[in-house]
Amino acid sequence: SLWYLNRHHMPVWKTADLLVPSIAIGQAIGRWGCLFAGCCYGKETDAIFGITFTNPRSLAPLETSLHPTQIYLSLNALFIFIFLMILSKKKVFDGQVLWSYGILYSIGRFLIEYFRGDDRGFPLEQLLSTSQFVGIFIFLLSSFMLLVLYRKNLRSHHS
Numbered sequence: 012s013l014w015y016l017n018r019h020h021m022p023v024w025k026t027a028d029l030l031v032p033s034i035a036i037g038q039a040i041g042r043w044g045c046l047f048a049g050c051c052y053g054k055e056t057d058a059i060f061g062i063t064f065t066n067p068r069s070l071a072p073l074e075t076s077l078h079p080t081q082i083y084l085s086l087n088a089l090f091i092f093i094f095l096m097i098l099s100k101k102k103v104f105d106g107q108v109l110w111s112y113g114i115l116y117s118i119g120r121f122l123i124e125y126f127r128g129d130d131r132g133f134p135l136e137q138l139l140s141t142s143q144f145v146g147i148f149i150f151l152l153s154s155f156m157l158l159v160l161y162r163k164n165l166r167s168h169h170s
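Take this note's numbering: the last position of the sequence shown gets the number 170, and nothing is skipped along the way.
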């Protein structure tokens, strides 16, 4: 995509800011597919909002109340989408929407991972999942890029 943007002389950060809210709403909708398939399921819970899968073709454990992590992830993405749409109208510099998405998504995903019950891989002896490691990297990269672009914007306005 970077090749395409450069070839057609499209501004990378501005274009990314326009596109990234659609990724968030796509994730919000896509997680319902996870719910219907029974994948990405949560740990066992006694909470009143736990969900129970009964279809033998489900990937989730059957007849067990589980955290509805698919719904948590969907709602997280929906809230991010709403925030990004508001931010799009008030942004100060190009790239702000994209990198804000990176920060918000990585925080939400990092926290929701603690409620997941499916096997996702734990590279550090059950301490953090692969998604949490990736989330830390995305959070740091996004924070760094927001700072860089913010400072670049300040310099261009003071020149």
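A virtual CB, placed ideally from N, CA and C, is assigned to each residue, including glycine.
Residue from the options with nearest C-alpha to residue i
i, options, result
"valine 108", "Met21, Leu29 and Asp57", "Leu29"
"tryptophan 24", "Gly53, Ile147, Ser99 and His78", "Ser99"
"glycine 49", "Phe60, Phe64 and Asp57", "Phe64"
"lysine 102", "Arg68, Phe60, Phe121 and Leu160", "Leu160"
"glutamine 38", "Ile59, Gly53 and Asn87", "Asn87"
"leucine 158", "Glu124, Phe121, Tyr125 and Phe104", "Phe104"
"lysine 163", "Gly106, Thr141, Glu124 and Ser140", "Gly106"
"leucine 46", "Pro32, Ser33, Gly61 and Arg18", "Gly61"
"glycine 146", "Arg120, Gly132 and Tyr125", "Arg120"
"leucine 122", "Trp110, Ala71, Gly132 and Leu139", "Leu139"
"glycine 128", "Leu95, Gln81 and Met21", "Gln81"
"tyrosine 83", "Phe94, Gly53 and Arg131", "Gly53"
Bridge partners - residue i, DSSP secondary structure assignment
i, result
"phenylalanine 64", "Leu73"
"arginine 166", "DSSP, once it has assigned bridges, lists no residue as partnering arginine 166."
"glutamate 55", "Leu77"
Residue range of the unbroken alpha helix (DSSP H) whose run includes residue i
i, result
"glutamine 137", "Counting along the chain, glutamine 137 falls outside any alpha helix (DSSP H), and DSSP gives it neither H nor E."
"tyrosine 15", "13-18"
"cysteine 45", "23-48"
"valine 108", "107-123"
| query | Using 8 angstroms as the threshold, is the region 74-84 in touch with the region 145-161, meaning 3 or more CB pairs across them? | reply | no
| said: For the region 153-165 against the region 113-124, do three or more pairs of beta-carbon atoms, one drawn from each stretch, fall closer than 8 angstroms, so that the two count as touching? | reply: yes
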